[in-house]
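**Student:** Quick one: the structure is below, and I'll ask about it shortly.
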Amino acid sequence: MVRNKGFKGGFWELIRPFGETVSGKVVIRDSIGSSRAWEDYGVRFVNFKGIGKATPSRDSGPLAQMEEVLTKQLDSSEGLMGASVRAKDVLGFPAATPLFKSYLQQLLCVAPAAPHETFGHPVANVIAISSRNPAPLETLRQLYADSTTGDRHLPDWVHQEYLRYYVLVHDEERDDITESTKLYDQMKRHFGLHCHLLRLRSSQCVVTDDDSVQVPQCEWLSPSEHLSGAGEAGTLISNHSRKFANLHSETLVDLGTDGTPYLFDSDATAIRAFIRELVVQSVIPFMENKVAVWNDQVASRRRGISGRFISMSKRWAFGSSSRSGIAGSSSGSSGNYDSTQHFYSPDSPEAVLRKMADFAFMLRDWKLSTSTYEMIRSDFGNDKAWKYHAGAHEMCAVSMLLNPLATSAKIKLDSVDQLFETACYSYLTRCSDVPHALRCLSLAVELLKSRGGSATESAAKWAMRVMDFGLVGSVGQILYTERVAACYASKTPVGAAKWGGRRRKAGMWSTLAADQWLKAGKPTLASACLEEAERLYADVLEADGVFPMPEMQSFVDNLRHAVKVEYLEARGFDARDRSPTEDPLDTEETSEKLDKRSHRRSLIGLPVQLDAGALNTQGPRDPENPNDDFERA
């Protein structure tokens with residue numbers, strides 16, 4: 008029925024774009040019983056067949072795909088225009104460019120479902136049939152059996168306790184609504200209240216229809232989806248905060264003049280109502296109940312005196328020479344971790360607590376998620392479950408920084424940095440997991456930058472660390488160079504003397520980004536960075552922007568001249584013989600979006616090459632080994 012409407016992927020592809028933002032407010036109750044309404048909540052619909060079929064990559068394959076997507080976006084005129092936008096955020100500081108936002112969205116969509124974190128595990132399974140089905144109840148039972156014991160059975164590390172939600176899709180144009188209503192009542196009697204009657208027209212909608220509406224654009228695409236298009240259909244839904252969404256496909260069906268799919272307005276309204284009812288009346292209460300049960304039955308035992316005693320005895324048993332639970336002493340092992348298959352049993356206390364922490368995170372109960380991640384991270388170290396260990400440290404820091412009630416004064420940045428340091432070391436050195444390490448450091452950059460104050464310098468440090476470790480390609484290096492500049496630029500000076508600002512550093516990194524864009528053959532983007540650098544330097548340089556160091560002055564003058572030359576050549580002028588003092592154009596004029604070239608004939612010649620990426624490449628420092636610096640030296 009849905010394929011006849013023009014959506015080749017079926018039901019999953021039809022409802023997938025609408026899950027990105029649930030219409031209206033979503034009220035969520037936290038662990039202490041207080042409620043809060045959210046207007047930006049979303050769920051992600053995932054192909055059932057694809058869950059757990061691949062494990063996180065141990066190489067940079069997905070990251071290479073991200074680099075390829077960035078290159079294609081830059082080669083398009085629209086992508087080039089969007090990449091050069093230098094907007095301001097709500098605080099007036101440089102905001103992320105659309106190109107970097109796209110990069111972050113792809114990064115959060117890279118890793119598939121994995122045992123060590125349950126963000127990609129199912130929260131609810133949508134089981135749908137149409138009103139045309141000759142044996143509806145038997146079909147629903149068979150679909151349920153297929154998802155539990157049949158060919159579509161999920162991996163052993165996925166807990167089978169997720170919500171089943173039954174949907175009857177009624178054909179408004181061919182079937183009798185009276186008969187469909189009777190069937191729907193039977194479904195509720197047999198399967199409970201988690202059911203929905205979705206009324207859709209079976210005709211295909213085109214843009215010329217009077218009541219046609221455009222299907223919402225998909226913002227969250229993985230790199231492989233960007234490159235290959237939509238995946239196969241499925242009906243698994245995994246609840247998520249929008250910060251960790253892994254969504255969507257490219258154009259579903261080309262029915263409009265602009266290549267976008269269209270639906271009847273009544274269909275779009277019915278789908279939005281269905282998703283809202285699914286989330287508000289079923290998924291959120293289900294998750295709240297699970298968190299409450301796990302908190303009472305599992306977490307409370309660990310928080311009590313007996314739980315602390317057991318944890319301490321595990322850590323000190325048999326005369327262990329290591330006193331640190333994080334150090335991963337074998338004597339403290341719980342025995343629940345399968346070191347051969349690298350996962351905990353889904354019903355083990357460690358797996359349940361990790362799932363509870365992830366559920367609390369997805370419900371935006373930052374305080375509970377932080378305390379739970381804090382509770383279990385040492386257990387993962389004792390069991391040498393290094394990917395679990397890294398993930399718990401990463402999410403503990405992320406939850407801590409997302410908590411709006413935990414102000415910068417209450418959070419010690421040193422402890423947050425230590426959490427990110429430990430997570431990065433475990434991901435890279437112990438697990439060789441580059442995508443998760445890059446995700447960890449990128450989240451550190453953005454969340455610390457949003458904190459402001461002294462946290463912005465920590466954010467800049469982690470952005471430099473991304474380049475130090477070589478986690479990104481050539482375009483990614485430039486994007487993170489821009490983020491270093493943005494982090495320093497957002498540091499607010501104090502007092503009338505403006506002490507503590509970092510505008511000179513921000514200007515330097517923005518200048519380096521301009522040089523790198525020019526080397527990449529993108530003078531338009533180089534011009535935008537150079538304009539930003541000149542604006543930043545305007546407040547800190549004396550004598551009308553003259554640099555005190557001749558070498559730096561020569562570097563900037565040559566860079567400005569090279570940008571203008573490349574700009575003129577893009578317009579067909581021959582400006583190669585002009586000197587830096589004979590530039591016919593102002594820098595602002597070079598920000599027009601005219602560059603479509605992929606090479607650069609550089610005019611920059613300096614006695615010393617300034618390269619933001621030529622830094623420490625020895626890998627992350629071991630945060631648990633105080634002698635690591637000496638050993639690495």
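Counted the way our numbering counts, the sequence shown spans residues 8 to 640. Think of the CB as a built atom: it goes at the ideal place given N, C-alpha and C, for glycine as much as any other residue. None of these values were measured; they are calculated from a predicted model.
1) Taking the beta strand (DSSP E) that Gln72 belongs to, which residues open and close that run?
2) Could you check which residue in Lys571, Phe476, Ser355 has the C-alpha nearest to that of Ala521?
3) With DSSP run on the structure shown, which of helix, strand or coil describes Glu168?
4) Let me make sure I understand the geometry here. Which of Leu370, Val133, Lys419 has the alpha-carbon closest to that of Arg36?
5) How would you call Ile39, buried or exposed, if buried means at least 16 neighbouring beta carbons within 10 angstroms?
6) Can you give the Cα-Cα distance for Tyr173 and Pro24, rounded to whole angstroms?
7) Specify whether the stretch 161 to 178 and the stretch 476 to 489 touch according to this definition: at least 3 beta carbon pairs, one from each stretch, less than 8 Å apart.
8) Compare the Cα-Cα distances from Asp629 to each of Leu435, Asp440, Ser497, Leu478 and report the closest residue.
9) Under three-state DSSP, which class holds Ile35?
10) In whole angstroms, what is the alpha-carbon distance linking Cys225 and Gln80?
11) So, at 7 Å on beta carbons, what are the nonlocal neighbours of Thr379 in its own chain, with the 5 sequence-adjacent residues on each side left out?
12) By a C-beta neighbour count over all protein chains shown, 10 Å radius and 16 as the cutoff for buried, is His177 buried or exposed?
13) Is Asn132 helix, strand or coil when you go by DSSP?
14) Beta-carbon of Tyr269 versus every beta-carbon of chain D: anything under 8 Å?
15) Going by the DSSP bridge assignment, what does Ser235 pair with across the sheet?
16) Which same chain residues, not among the five before or five after Tyr269, have their C-beta less than 7 Å away from its C-beta?
17) Have a look at Lys391, Leu525, Leu450, Arg283 and flag the residue whose alpha-carbon is nearest the alpha-carbon of Leu409.
18) Cα separation between Phe580 and Asp82?
19) To the nearest whole angstrom, what separates the beta carbons of Val491 and Ala470, a pair I think is in contact under 8 Å?
20) Can you pull the DSSP bridge partners for Gln221?
21) In whole angstroms, what separates the C-alpha of Met474 from that of His396?
22) Do you know offhand how far Ala540's Cα is from Leu566's?
23) Check whether the stretch 139 to 146 and the stretch 189 to 206 touch, using three or more Cβ-Cβ pairs below 8 Å as the test.
24) Excluding the 5 residues preceding and the 5 following Ile291 in the sequence, name in chain order all residues of the same chain whose CB lies nearer than 7 Å to its CB.
25) Note down, one range per segment and in chain order, each alpha helix (DSSP H) of at least 4 residues found wholly within the stretch 496 to 570.
26) DSSP on Phe281, reduced to helix/strand/coil?
27) Mind checking which residues open and close the alpha helix (DSSP H) that includes Phe387?
28) Among Leu170, Thr267, Leu420, Asn343, which residue has its Cα nearest to the Cα of Asn296?
29) Taking C-beta to C-beta, are Gln113 and Ser229 nearer than 8 Å?
30) So which of Asp386, Gly388, Asp424, Thr377 has the shortest CA-CA distance to Cys403?
31) With 16 as the cutoff for other CB atoms within 10 Å, does Gly514 come out buried or exposed?
32) Compute the beta-carbon to beta-carbon distance between Ser273 and Arg208, rounded to the nearest angstrom, for a pair I have assumed lies under 8 Å.
33) Using the three-state DSSP reduction, which class does Gly477 fall into: helix, strand or coil?
34) With which residues is Leu205 paired in a DSSP beta bridge?
35) So what's Glu124 in DSSP terms, helix, strand or just coil?
36) Tell me which residue opens and which closes the beta strand (DSSP E) that Ala118 is part of.
**Tutor:** Checking against the coordinates, here is how it stands:
1) In the sequence shown, counting from the first residue as 1, residue 72 sits at position 65. No beta strand (DSSP E) contains Gln72, which is instead part of the alpha helix (DSSP H) from 68 to 82.
2) In the sequence shown, counting from the first residue as 1, residue 521 sits at position 514. A check of alpha carbon separations from Ala521 across Lys571, Phe476, Ser355 identifies Lys571 as the nearest.
3) Counting from one through the sequence shown, the residue named residue 168 turns up at place 161. If DSSP states are grouped into helix, strand and coil, Glu168 belongs with coil.
4) Translated into the one-based positions of the sequence shown, residue 36 becomes position 29. Closest by C-alpha distance to Arg36, out of Leu370, Val133, Lys419, is Leu370.
5) To locate residue 39, count along the sequence shown from 1; it is residue 32. By the 10 Å Cβ count, Ile39 comes out exposed.
6) As a working note, residue 173 is residue 166 in the sequence shown. As a working note, residue 24 is residue 17 in the sequence shown. Straight-line Cα distance between these residues: approximately 20 Å.
7) Short answer: they don't touch.
8) Counting from one through the sequence shown, the residue named residue 629 turns up at place 622. Nearest neighbour of Asp629 by Cα position, chosen from Leu435, Asp440, Ser497, Leu478, turns out to be Leu435.
9) As a working mapping, residue 35 is identified with position 28 in the sequence shown. Of the three classes helix, strand and coil, the one that applies to Ile35 here is strand, per DSSP.
10) Walking along the sequence shown from the start, residue 225 turns up at place 218. Walking along the sequence shown from the start, residue 80 turns up at place 73. Taking the straight line joining both Cα atoms gives about 16 Å.
11) Position 372 of the sequence shown holds residue 379. Counting only Cβ-Cβ distances below 7 Å, and skipping sequence neighbours, we find Ala306, Leu360, Met363, Ala364, Ala367.
12) Your numbering for residue 177 matches position 170 in the sequence shown. Classification for His177: buried.
13) Stepping through the sequence shown from its first residue, residue 132 is reached at position 125. In the structure shown, Asn132 sits in a strand (DSSP, three-state: E or B).
14) Here there is only one protein chain, and chain D is not present.
15) Residue mapping note: residue 235 aligns to position 228 of the sequence shown, counting from 1. According to DSSP, Ser235 shares a beta bridge with no other residue.
16) The residue you call residue 269 lines up with position 262 of the sequence shown. If we look at Tyr269 and ignore the five residues flanking it on each side, its Cβ neighbours are Cys212, Val213, Val214, Ser219, Val220, Gln221, Val222, Leu262, Gly263.
17) Position 402 of the sequence shown, counting from 1, holds the residue named residue 409. Nearest in C-alpha terms to Leu409, of all of Lys391, Leu525, Leu450, Arg283, is Leu450.
18) Here residue 580 refers to the residue found at position 573 when the sequence shown is read from its first residue. Here residue 82 refers to the residue found at position 75 when the sequence shown is read from its first residue. Roughly 22 Å between the two C-alpha positions.
19) If you number the sequence shown from 1, residue 491 lands on position 484. If you number the sequence shown from 1, residue 470 lands on position 463. Contact between Val491 and Ala470 holds, since their C-beta atoms are separated by about 5 Å, short of 8 Å.
20) Against the sequence shown, residue 221 aligns to sequence position 214. Answer by DSSP bridge pairing, in chain order: Tyr269.
21) By one-based count along the sequence shown, residue 474 stands at place 467. By one-based count along the sequence shown, residue 396 stands at place 389. Put simply, the backbone Cα of Met474 is about 24 Å away from that of His396.
22) In the sequence shown, counting from the first residue as 1, residue 540 sits at position 533. In the sequence shown, counting from the first residue as 1, residue 566 sits at position 559. Their Cα atoms are separated by approximately 12 Å.
23) Taking a contact to require three or more Cβ pairs closer than 8 Å, the stretch 139 to 146 and the stretch 189 to 206 qualify as touching.
24) Numbered from its first residue, the sequence shown carries residue 291 at position 284. Counting only Cβ-Cβ distances below 7 Å, and skipping sequence neighbours, we find Val33, Ile35.
25) The qualifying runs are 510 to 526, 530 to 545.
26) Residue mapping note: residue 281 aligns to position 274 of the sequence shown, counting from 1. Helix, per DSSP.
27) The count along the sequence shown starts at 1 and reaches residue 387 at position 380. Element bounds for Phe387: 373 to 389.
28) The residue given as residue 296 occupies position 289 in the sequence shown. Comparing Cα-Cα distances from Asn296 to each of Leu170, Thr267, Leu420, Asn343, the minimum goes to Leu170.
29) Along the sequence shown, read from residue 1 onward, the residue named residue 113 stands at position 106. Along the sequence shown, read from residue 1 onward, the residue named residue 229 stands at position 222. Cβ distance < 8 Å, so Gln113 and Ser229 count as in contact.
30) Locating residue 403 in the sequence shown gives position 396, where the first residue counts as 1. In terms of CA proximity to Cys403, Thr377 leads the group Asp386, Gly388, Asp424, Thr377.
31) Within the sequence shown, residue 514 is the residue found at index 507, counting from 1. Residue environment for Gly514: buried (at least 16 other C-beta atoms within 10 angstroms of its C-beta).
32) Translated into the one-based positions of the sequence shown, residue 273 becomes position 266. Translated into the one-based positions of the sequence shown, residue 208 becomes position 201. About 7 Å; that satisfies the 8 Å criterion.
33) The residue labelled residue 477 in the question sits at position 470 within the sequence shown. DSSP places Gly477 in coil when its eight states are reduced to three.
34) Indexing the sequence shown from 1 puts residue 205 at position 198. Leu205 pairs with Val176.
35) Looking up residue 124 in the sequence shown gives position 117. Of the three classes helix, strand and coil, the one that applies to Glu124 here is strand, per DSSP.
36) Within the sequence shown, residue 118 is the residue found at index 111, counting from 1. Counting along the chain, Ala118 falls outside any beta strand (DSSP E), and DSSP gives it neither H nor E.
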